[in-house]
Amino acid sequence: MTASRLRVAVSPLRREFARGPKSDALPTVDAVVARLRPEEPLHCLRPAAIEAAARSFTAAFAGRTLYAVKCNPEPRVLSALWRGGLRAFDCASPAEVALVRQVLPEASIHYMHPVKARSAIRAAYVEHGVRDFAFDSADELAKIAAETRQSDDGRANDLGLILRLALPKGNAGLDLSGKFGAAMEDAPALLRAARGMAVRLGISFHVGSQCTDPARWSQAIALAADAAAQAGVKLDILDVGGGFPVAYPGADLPELAAIMAEIDAGVDRLRDRLGVHAPAEIWAEPGRVLVAQGASVVVQVQARRGDALYINDGVYGSLADAGSLGWRFPVRPLRADQGRASAAAGQSYTLFGPTCDSLDRMDGGFALPADIAEGDWIEIGQLGAYGATLRTAFNGFDRGRLVEVSDPPLLETPGIAIA
Ligand SMILES: *Cc1c(COP(=O)(O)O)cnc(C)c1O
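So the sequence shown is numbered by full-length UniProt numbering: it starts at 1 and just counts up by one.
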């Protein structure tokens, strides 16, 4: 076997886009499972739900929406978002930039990772027409300047530069403080330095993923206003980042409208404070809220031991967040034997993934029928965000299929349409 034929990275999902009886209708999850009887995880995309989420979010947000591609880079997801009206994409790697450019040639791409390889900056700028770059230090700013120089005086005259601001630790589901971002005391000097090189100057931040406290956005906007006021330079863009939460079983979340109201109020105060230096453009970089409801994964029960179910996907597959984070996802049983009567009473199960690692478990709280048995399937919802994207090839359990279905999402997020 030649090296090129060795499987060295995670296997791509095998794509099967079967249509239903009417050629333009997508099948249901039940119909696909009945036909394929899948022994490997079956990823079920809901393009209509993704398109609807894009429409809902862009209607609710008073600014420009950039989709954070890392959340789910599947080309059919990107296309569904495009159909939903999304035109701008937040990329963080050369591969994401190239992918978006290939799938959506007209897309506006913004390179929002604050630490980049020099070759990545060059390729994005020269080959893919990217003009907006995030940075969070003088060194990163110098790298962008060096790799995009284009005029005789050695400066690009078309650059958008967005300073990523560090935020104090918060209470998002996933706290992202402490990795990227300029400290408040360094921000004014960085803004002044970037102003001279940029045709568009911005500030961005990220409150952390699955953030359920609307005040985090207005507090972060106030910090951005402080930094800009101290710098004394004109801002063109304020980017309020991602982190918009979605429904999970048992999760307590604010209305999307409440977050938008908090952002609007924060932006009003920032505009009052900065006056003529206030930004004309407001951006957001949502990931999860646009795509979480857009995919589920059908797993199969391989063994049952009491209230433990051994299934064919786990924390090294598309269920990473159900492991160490302990997040709960909506579940729905699909019977292998359609004729078998379902036991009315449900009970709570722990799920074990297929790898040999003892960490590959998802504790308690998965409510399924009392008589669930080997061979039955379980559809697990809300996995469109950070689900398939986080799969690994650990232990060889990386095979799976991808289909498109017509079903509504298993769980709705208030404020986000499902179709
Ligand atoms: C991951 C990420 C996002 C998207 O976050 P969600 O929680 O999925 O909305 C947005 N901006 C940046 C900089 C990110 O790293």
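Note that CB positions come from ideal geometry on N, CA and C, so glycine has one too. Predicted model, so just to flag it, every value in this text is computed and none were measured.
Return the residue from the list the options that minimises the CA-CA distance to residue i.
{"i": "valine 298", "options": "Thr28, Pro12, Val10, Ala9", "result": "Thr28"}
{"i": "lysine 179", "options": "Thr148, Glu147, Trp217, Ser137", "result": "Ser137"}
{"i": "leucine 351", "options": "His113, Ala373, Ala261", "result": "Ala373"}
{"i": "arginine 83", "options": "Ala92, Val97, Asp337, Leu104", "result": "Leu104"}
{"i": "valine 331", "options": "Leu383, Ala280, Ser358", "result": "Leu383"}
{"i": "methionine 184", "options": "Ser296, Pro168, Pro73", "result": "Pro168"}
{"i": "arginine 335", "options": "Gly306, Glu74, Leu368", "result": "Leu368"}
{"i": "isoleucine 416", "options": "Ala59, Arg15, Phe17", "result": "Ala59"}
{"i": "residue 420", "options": "Arg155, Tyr111, Asp264, Leu86", "result": "The structure shown does not extend to residue 420, since the chain is modelled only from 1 through 419, so no value can be given for it."}
{"i": "residue 424", "options": "Leu390, Ala145, Leu86, Pro333", "result": "Summary: the structure shown does not reach residue 424, with the chain confined to residues 1 through 419, and so no result is reported for it."}
{"i": "alanine 278", "options": "Gly387, Ala229, Asp30, Leu161", "result": "Ala229"}
{"i": "alanine 34", "options": "Asp337, Ala370, Glu96, Gln102", "result": "Asp337"}
{"i": "glycine 306", "options": "Ala261, Ala370, Pro333", "result": "Ala370"}
{"i": "tyrosine 248", "options": "Cys211, Ile311, Tyr310", "result": "Cys211"}
Looking at residue i: is its Cβ nearer than 8 angstroms to the Cβ of residue j?
{"i": "glycine 266", "j": "alanine 222", "result": "yes"}
{"i": "alanine 231", "j": "arginine 273", "result": "no"}
{"i": "phenylalanine 89", "j": "tyrosine 125", "result": "no"}
{"i": "valine 77", "j": "valine 100", "result": "no"}
{"i": "isoleucine 418", "j": "alanine 49", "result": "yes"}
{"i": "glycine 63", "j": "glutamate 285", "result": "no"}
{"i": "arginine 401", "j": "leucine 13", "result": "yes"}
{"i": "threonine 413", "j": "valine 246", "result": "yes"}
{"i": "glycine 241", "j": "valine 207", "result": "yes"}
{"i": "serine 209", "j": "glycine 250", "result": "no"}
{"i": "glutamate 140", "j": "arginine 122", "result": "no"}
{"i": "alanine 225", "j": "leucine 270", "result": "yes"}
{"i": "isoleucine 263", "j": "isoleucine 162", "result": "no"}
Expressed to the nearest angstrom, what Euclidean distance is found between the alpha-carbon atoms of residue i and residue j?
{"i": "proline 409", "j": "glutamate 255", "result": "18 angstroms"}
{"i": "arginine 328", "j": "leucine 45", "result": "20 angstroms"}
{"i": "proline 41", "j": "valine 32", "result": "12 angstroms"}
{"i": "serine 11", "j": "alanine 80", "result": "23 angstroms"}
{"i": "proline 354", "j": "aspartate 313", "result": "6 angstroms"}
{"i": "proline 38", "j": "valine 403", "result": "12 angstroms"}
{"i": "tyrosine 349", "j": "arginine 304", "result": "10 angstroms"}
{"i": "leucine 159", "j": "alanine 98", "result": "19 angstroms"}
{"i": "serine 324", "j": "alanine 385", "result": "17 angstroms"}
{"i": "glutamine 347", "j": "aspartate 321", "result": "22 angstroms"}
{"i": "leucine 235", "j": "alanine 189", "result": "14 angstroms"}
{"i": "isoleucine 109", "j": "valine 130", "result": "6 angstroms"}
{"i": "alanine 120", "j": "proline 94", "result": "5 angstroms"}
{"i": "threonine 2", "j": "glutamate 106", "result": "Here threonine 2 scores only 47 on pLDDT, less than 50, and its place in the model is too uncertain to base an answer on."}
{"i": "methionine 197", "j": "glutamate 379", "result": "51 angstroms"}
{"i": "alanine 308", "j": "serine 358", "result": "13 angstroms"}
{"i": "tyrosine 316", "j": "valine 233", "result": "46 angstroms"}
{"i": "leucine 165", "j": "alanine 227", "result": "9 angstroms"}
{"i": "histidine 43", "j": "aspartate 268", "result": "42 angstroms"}
{"i": "aspartate 398", "j": "aspartate 407", "result": "25 angstroms"}
{"i": "serine 318", "j": "glutamate 74", "result": "14 angstroms"}
{"i": "isoleucine 259", "j": "threonine 389", "result": "27 angstroms"}
{"i": "tryptophan 377", "j": "cysteine 71", "result": "26 angstroms"}
{"i": "histidine 113", "j": "arginine 15", "result": "30 angstroms"}
{"i": "serine 296", "j": "arginine 195", "result": "45 angstroms"}
{"i": "alanine 9", "j": "phenylalanine 17", "result": "24 angstroms"}
Buried or exposed: residue i, going by 16 or more other Cβ atoms within 10 Å of its Cβ?
{"i": "asparagine 157", "result": "exposed"}
{"i": "histidine 356", "result": "Correcting the residue type first, residue 356 is cysteine in the shown sequence and not histidine. Classification of cysteine 356: exposed, given that the 10 Å Cβ count is below 16."}
{"i": "glutamine 300", "result": "buried"}
{"i": "serine 218", "result": "buried"}
{"i": "lysine 143", "result": "buried"}
{"i": "lysine 116", "result": "buried"}
{"i": "valine 405", "result": "buried"}
{"i": "glycine 275", "result": "exposed"}
{"i": "glutamate 127", "result": "exposed"}
{"i": "glycine 381", "result": "buried"}
{"i": "phenylalanine 205", "result": "buried"}
{"i": "phenylalanine 61", "result": "buried"}
{"i": "phenylalanine 366", "result": "buried"}
{"i": "aspartate 252", "result": "exposed"}
{"i": "glycine 326", "result": "exposed"}
{"i": "glycine 387", "result": "buried"}
{"i": "residue 440", "result": "The structure shown does not extend to residue 440, since the chain is modelled only from 1 through 419, so no value can be given for it."}
{"i": "glycine 287", "result": "buried"}
Can you tell me whether residue i sits near ligand 3, meaning its C-beta is under 7 angstroms from at least one heavy atom of the ligand?
{"i": "arginine 288", "result": "Looking for ligand 3 in the displayed structure turns up nothing; the ligands present are ligand 1."}
Nearest chain C C-beta to residue i closer than 8 angstroms, yes or no?
{"i": "methionine 112", "result": "Absent here is chain C; the protein component of the structure consists of one chain."}
The region 280-296 / the region 354-362 touching (three or more Cβ pairs under 8 angstroms): Under the 8 angstroms Cβ criterion, the region 280-296 does not count as touching the region 354-362, having fewer than three qualifying pairs.
Cβ contact check for the region 394-401 and the region 50-66: 3 or more pairs under 8 angstroms: In short, these stretches do not touch, since the Cβ pair count stays below three.
Cβ contact check for the region 138-152 and the region 198-210: 3 or more pairs under 8 angstroms: By the Cβ criterion, the region 138-152 is not in contact with the region 198-210, since fewer than three pairs of Cβ atoms, one from each stretch, lie closer than 8 angstroms.
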